[in-house]
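Those protein sequences? They're chains D and H, same order as listed. Positions 1 to 139 (this note's numbering) are the ones given, in order, by the first sequence. Positions 1001 to 1395 (this note's numbering) are the ones given, in order, by the second sequence.
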Amino acid sequence: MSEMITKKLMLYFPKCECEKPIIYHLVKDYDLVVNVFRAKVTPEEEGFLVLDVTGTEAQIQRGIDFVKTFNVTVNFSGKGVTRDETKCTHCGYCVPYCPTGALNILDGQTRQVVYDESKCIECLACVRVCPYGACTAAF
Amino acid sequence: MKTYEQISDRIESGKAVVLTADEIADYVDKKGLQAAAKEVDVVTTATFGPMCSSGCFLNFGHSKPKIRMSEAWIQDVLVYTGIAAVDVYLGATQLRHGDPANMYPPGEFRYGGGHVMEDLIAGKSLQLFALSYGTDCYPLRELRTYFTIQDLNQAIMVNPRNCYQNYNVAINNSDRTIYTYMGRLEPNQKNANYCSAGQLSPLLNDPTYETIGIGTRVWLGGAQGHVYAEGTQHAGGCERTPGGVPVEGAGTLALTADMKQMKQEFVRGVSFPGYGVSLALGVGIPIPILNEDILKRTCVRDRDILAPVIDYSSDYPQKTGNIICQVNYEQLRSGEIQINGKKVQVGSLSSYYKALEIANLLADEIRRGDFQITKPIAALPKDKTMKPLIKRKQK
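Here it is as structure tokens:
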């Protein structure tokens, strides 16, 4: 059996595609394990959905191909939360509010704040607390 | 030992030995105090963090016909016009007109005076709207125009209080989240916030104000400026450790510099949800090593500096004077402190990373001979204390 992998995806739903049970089909027909971090998919409006999908490489690819047939944009790198390094002053104020350690200070000498995107669960705590507006949410 | 003139000469000839306050303690441990005092000319200190008592004087020059501005807004942020015709003062904590503030708490406080200052330094085109009652000599009664910092005759930052020597650690003893200038504090002492560069901070490296005084040249937001007065609320006569380090706010500095020489990355507007807007500012101050005592004091380490932990849900707003305990900056920087046996997560409002960057930039400028040290023209008061405001019922 092929190795199971997990990929983080952000899906963008244009106005017309918001009423279809796409995620249901990913589970049922493509045998993917989904973990939705954050979603805002409302009828008559555009929508966003950030999720982890777990399955074999081939299963994930088939699932993505299926999603794309709905005119839904699949974004692999961009996520619902973006950190603008040029706006960050590395004060470290965000660090205690980040529940997963995605924002952290690893080097006690320089005290630089580093962002590990793979640990981010999109709770948006950093978006609310950063005094410099370095973290922003796509939705 | 050395004189100001001797150190100046060495800087002038590009031979000055300069270390940052971050490096000096280890260096002195290795070399010995006596040898290091002979060798080292300057120790650079720095800080970067929100400093609310900041602002700037701007001069617009005259329109045709002329106006004596009696009310004015830049990007809808009110500026003070109770001075000459086209001079204004913009304050860092002034909120944009129409901002709902805390009407639906916690408010977002997205834009204010500090952000205008950042945008000005970034070279952005900003809107000026001014009103006047009109006079014979200044007939224009309304003006709307757009300008950049290059259009201004002067843009001089004049900050009544920067560089607090030491600062509180804020915590919340109550059972609800509170929103303060020290950030969001979770209930039941879940987190604590501090705001100081600790061992790198200017006045903690010169705790008795021997070299930092009125007239001292400073690095302010990337420009060369100077200390023009003691800062407001300067209170050097406070409790200190046996090593002379204050265990509370203590000294402050009033700083000024030309904004046209500043860099945006060191002058940043900040928003604190539920509290308001402010300005985060980078400051660097060189300490000339005139003798061994001065050098010894720059060797202060985070573990030697104590800060008071204060409850911002009750003791701070009610001015009870109570402190929960004292912690040192080494503990604070570990990201966790112990309060009554309970672990509390710690965050910082002051950026040590940026402070270190500034201390190194300043050290490089001094090594190149581009930044000179100065002897103060007057000392900061050492024994002043802070007076409270008394609510009197009669005159």
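Note that the Cβ used here is the ideal one computed from N, Cα and C, for glycine as well.
Would you say residue i lies against chain H (beta-carbon separation less than 8 Å)?
| i | result |
| --- | --- |
| Gly141 (chain D) | Lying outside 1 to 139, the shown extent of chain D, residue 141 (chain D) is not represented and no answer is given. |
| Gly108 (chain D) | yes |
| Tyr132 (chain D) | yes |
| Tyr93 (chain D) | yes |
| Gln112 (chain D) | yes |
| Thr136 (chain D) | no |
| Arg128 (chain D) | yes |
| Thr89 (chain D) | yes |
| Pro14 (chain D) | no |
| Pro43 (chain D) | no |
| Pro96 (chain D) | yes |
Cβ of residue i within 8 Å of Cβ of residue j?
| i | j | result |
| --- | --- | --- |
| Tyr1209 (chain H) | Gly1251 (chain H) | yes |
| Val53 (chain D) | Ala137 (chain D) | no |
| Ile1305 (chain H) | Val1169 (chain H) | no |
| Val1227 (chain H) | Thr1216 (chain H) | yes |
| Ala1257 (chain H) | Gly1231 (chain H) | no |
| Leu106 (chain D) | Leu51 (chain D) | no |
| Val1079 (chain H) | Phe1060 (chain H) | no |
| Cys123 (chain D) | Cys94 (chain D) | no |
| Met1069 (chain H) | Ala1130 (chain H) | yes |
| Asn1159 (chain H) | Ser1053 (chain H) | yes |
| Ile1373 (chain H) | Ser1132 (chain H) | no |
| Glu1336 (chain H) | Lys1343 (chain H) | yes |
| Leu11 (chain D) | Gly63 (chain D) | no |
| Ile1074 (chain H) | Gln1127 (chain H) | yes |
| Gln1199 (chain H) | Val1042 (chain H) | no |
| Leu1058 (chain H) | Asn1162 (chain H) | no |
| Asn1191 (chain H) | Pro96 (chain D) | yes |
So, is the C-beta of residue i closer than 8 Å to a C-beta in chain D?
| i | result |
| --- | --- |
| Lys1030 (chain H) | no |
| Gly1335 (chain H) | yes |
| Gly1183 (chain H) | yes |
| Arg1176 (chain H) | no |
| Arg1368 (chain H) | no |
| Arg1010 (chain H) | no |
| Arg1303 (chain H) | no |
| Phe1371 (chain H) | no |
| Arg1268 (chain H) | yes |
Could you check what DSSP says for residue i in three-state terms: helix, strand or coil?
| i | result |
| --- | --- |
| Asn1191 (chain H) | strand |
| Thr82 (chain D) | strand |
| Thr1003 (chain H) | coil |
| Phe1371 (chain H) | coil |
| Pro131 (chain D) | coil |
| Asn104 (chain D) | strand |
| Ser1278 (chain H) | strand |
| Ile1324 (chain H) | coil |
| Gln1034 (chain H) | helix |
| Asp1397 (chain H) | No information on residue 1397 (chain H) is available, as it lies outside the stretch 1001 to 1395 that chain H covers here. |
| Asn1205 (chain H) | helix |
| Glu1248 (chain H) | coil |
| Pro1317 (chain H) | helix |
| Ile1074 (chain H) | strand |
| Asn1360 (chain H) | helix |
| Gly1341 (chain H) | coil |
| Pro1050 (chain H) | strand |
| Gln112 (chain D) | coil |
| Arg1110 (chain H) | coil |
| Ser1348 (chain H) | strand |
| Ile1285 (chain H) | strand |
State the CB to CB distance for the pair residue i and residue j, rounded to an integer number of angstroms; the pair is presumed to be in contact (CB under 8 Å).
| i | j | result |
| --- | --- | --- |
| Gly1113 (chain H) | Val1077 (chain H) | 6 Å |
| Ser1350 (chain H) | Phe1048 (chain H) | 7 Å |
| Thr1020 (chain H) | Ala1235 (chain H) | So it is not a contact: roughly 27 Å between Cβ atoms. |
| Tyr1004 (chain H) | Pro1288 (chain H) | 6 Å |
| Ala102 (chain D) | Asp116 (chain D) | 5 Å |
| Leu1090 (chain H) | Cys1056 (chain H) | 5 Å |
| Leu1389 (chain H) | Met1051 (chain H) | Actually they are not in contact, since the Cβ atoms of Leu1389 (chain H) and Met1051 (chain H) sit about 21 Å apart, beyond 8 Å. |
| Lys1355 (chain H) | Val1327 (chain H) | The sequence given here has Ala at residue 1355 (chain H), not Lys. The pair is not a contact, with the Cβ atoms about 19 Å apart (cut-off 8 Å). |
| Ala58 (chain D) | Ser2 (chain D) | 7 Å |
| Gly92 (chain D) | Val113 (chain D) | 6 Å |
Please tell me whether, using a cut-off of 7 Å, the distance from the CB of residue i to the nearest non-hydrogen atom of the ligand NAD is below it.
| i | result |
| --- | --- |
| Thr86 (chain D) | By its list of ligands, the structure shown contains no ligand whatsoever, and the ligand NAD lies outside what it can speak to. |
Using a C-beta cutoff of 8 Å, does residue i count as contacting chain C?
| i | result |
| --- | --- |
| Ile1390 (chain H) | Annotation note: the requested chain C is absent from the structure, which comprises protein chains D and H. |
Inset, instruction - Select from the region 1271-1289 of chain H all residues with a C-beta closer than 7 Å to any C-beta belonging to chain D, and list them in chain order. - result: Ser1271, Phe1272, Pro1273 and Ala1280
Inset, instruction - Closer than 8 Å, Cβ to Cβ, to anything on chain D: give me those residues from the region 1189-1201 of chain H, in chain order. - result: Asn1191 and Asn1193
Inset, instruction - Could you list the residues in the region 1337-1361 of chain H with a C-beta less than 8 Å from some C-beta on chain D, going in chain order? - result: Gln1345, Val1346, Gly1347, Ser1348, Leu1349, Ser1350, Ser1351, Tyr1352, Tyr1353, Lys1354 and Leu1356
Legend entry - Near-chain D residues of the region 1081-1099 of chain H - C-beta to any C-beta below 8 Å: Listed by position, the residues of the region 1081-1099 of chain H near chain D (Cβ gap below 8 Å) amount to none.
Legend entry - Contact residues within the region 1130-1157 of chain H, judged by C-beta distance below 7 Å to chain D: none
Inset, instruction - Can you give me, in chain order, the residues of the region 1035-1058 of chain H that have a beta carbon less than 8 Å from any beta carbon in chain D? - result: Phe1048, Gly1049 and Pro1050
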